[in-house]
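As numbered in the numbering used here, residues 11 to 335 make up the sequence shown, in order. The block underneath contains the structure these notes are about, expressed in structure tokens.
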Amino acid sequence: MIELRGIGKSFKVAKRSAGLTQALKALFVREHTVVEALHDITFQVKEGEIVGYIGPNGAGKSTTIKVMSGILVPDQGFCSIMGYTPWKQRTAYVHHIGVVFGQRSQLWWDVPVIDSFELLRDIYRIPAAAYKANCELLAETLDLRDLLHVPVRQLSLGQRMRCEIAASLLHGPRILFLDEPTIGLDAVSKIAVRQFIKTINKEKGVTVILTTHDMSDIEALADRILMIGGGTLLYDGTLGELRGKFGTQRTVTVDYRAHAQPLDVPEASLLSWSPERAVFSVDTENASIADVIARLSRQVELIDVAIETKPVEQLIVELYKEHDV
Ligand SMILES: Nc1ncnc2c1ncn2[C@@H]1O[C@H](COP(=O)(O)OP(=O)(O)OP(=O)(O)O)[C@@H](O)[C@H]1O
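Here's what the structure looks like:
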């Protein structure tokens, strides 16, 4: 459904030096530097996938989304999305995609939300019956009924984001590009937005490309992760594969009836110990958790055992470290 091959994009940025003399000089002689935002980006996405597009600040995520949504023309490379070249056949193409930039609004600030929706209906020439059905469904599932007649500037960030997502879906697109859709949202709103993204993916088969810095978004939603750093694609795989790569360590915390001697567990490294609780790190490549617990249960009377995997956040940090980004 989506194919990018060898996409490159550079920006020419004017150098600015501090001070009045330098500013005056810059009026006559402009110096530039070139920022290579995307370098040889190649990937494919199948219909119905949810792909998490991640990377540190300035990595090139938004630039890729802009290229894929037809807002930006790349310097080189091939991009075909549902058979369209986004920046060449933009008018026909936009009927098939929805785009949400978490940091920018596509809604008119001073008018009620419903007015923006109606404007979008006219822009996309959505037939009356389809518009009515979509609007009702979105209002219901995103809980917008009380918001539709409120001017956008009076909405909270979470309320606005739900309206933004609805606005991007009014015309029934097959692909949704979400650039940081949960930025700044509270925990309840984040869960609501994630749940909705999951629902439209499962029930309507909408393909979703999502950029985020919130690794819980990735954990909750993404079938697959693409990681970009310094404009280059550095990782393409599932979260499960990432866990397999860096996630063989488990932290085992055991609570037991008071026991004066330190515990002897050669399969694990002891991280901390007290007469009632010990914390171990176990590398599941070399030892089994069951053996560790069996050995512990022969030495102490166990009350509770908790086994934790590395948080996704940490796996991503290790991936960044591995690629030096
Ligand atoms: N219009 C522009 N003019 C000049 N440079 C730009 C422009 N847009 C992006 N860049 C540069 O391209 C690089 C990639 O930017 P981009 O916005 O794609 O990163 P990002 O991964 O989305 O970052 P963030 O997570 O901070 O939003 C950065 O170095 C940025 O400064």
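The beta carbon of each residue, even a glycine, is placed where N, CA and C say it ideally should be. Just so you know, these numbers come straight off a predicted model, no measurement behind them.
Unbroken alpha helix (DSSP H) run spanning residue i, endpoints
i	result
R26	That residue, R26, is in no alpha helix (DSSP H); it is neither H nor E in DSSP.
E174	167-179
M225	225-231
Sequence-distant residues of its chain with Cβ nearer than 6 angstroms to residue i (five each side left out)
i	result
A69	I238, G239
D233	E59, I60
L48	I17, G18, K19, G70, T73, G241
Other residues of its chain near residue i: CB distance less than 7 angstroms, five sequence neighbours each side excluded
i	result
S90	E13
V45	S20, F21, V23
Residue span of the beta strand (DSSP E) that contains residue i, given as start and end
i	result
E46	42-55
L273	L273 -> no beta strand (DSSP E), and no H or E assigned at all.
L243	242-247
Whole-angstrom distance between residue j and residue i, CA atom to CA atom
i	j	result
L165	E332	42 angstroms
S306	D274	The sequence shown places Leu at residue 306, rather than the Ser named in the question. Their backbone Cα atoms lie some 8 angstroms apart in a straight line.
D246	F53	8 angstroms
H106	Q32	48 angstroms
T101	E251	39 angstroms
I201	Q169	13 angstroms
R26	T192	34 angstroms
P161	D120	5 angstroms
A140	P96	25 angstroms
Y330	I64	10 angstroms
T319	K35	57 angstroms
F336	N67	Missing from the structure shown is residue 336; the chain here goes from 11 to 335 and no further.
G29	A230	49 angstroms
V218	M92	14 angstroms
L186	E311	53 angstroms
Beta-carbon separation (whole angstroms), residue i vs residue j, contact threshold 8 angstroms
i	j	result
V110	I175	6 angstroms
E277	D314	Contact flag wrong, Cβ pair sits at about 20 angstroms.
In DSSP terms, what residue i is bridged to
i	result
W283	A288
E311	Beta-bridge pairing links E311 to no other residue.
Q99	Answer is none; Q99 lacks a bridge partner.
C145	C145 pairs with nothing; no bridge assigned.
V186	First, the residue type needs correcting, since residue 186 is Leu and not Val in the sequence shown. DSSP output for L186 lists G108, V218 as bridge partner(s).
Residues near residue i by beta carbon distance below 8 angstroms, same chain, minus five either side
i	result
D153	R172, A202
L236	F53, V61, G62, Y63, I64, L243, Y245, D246
T248	D233, R234, I235
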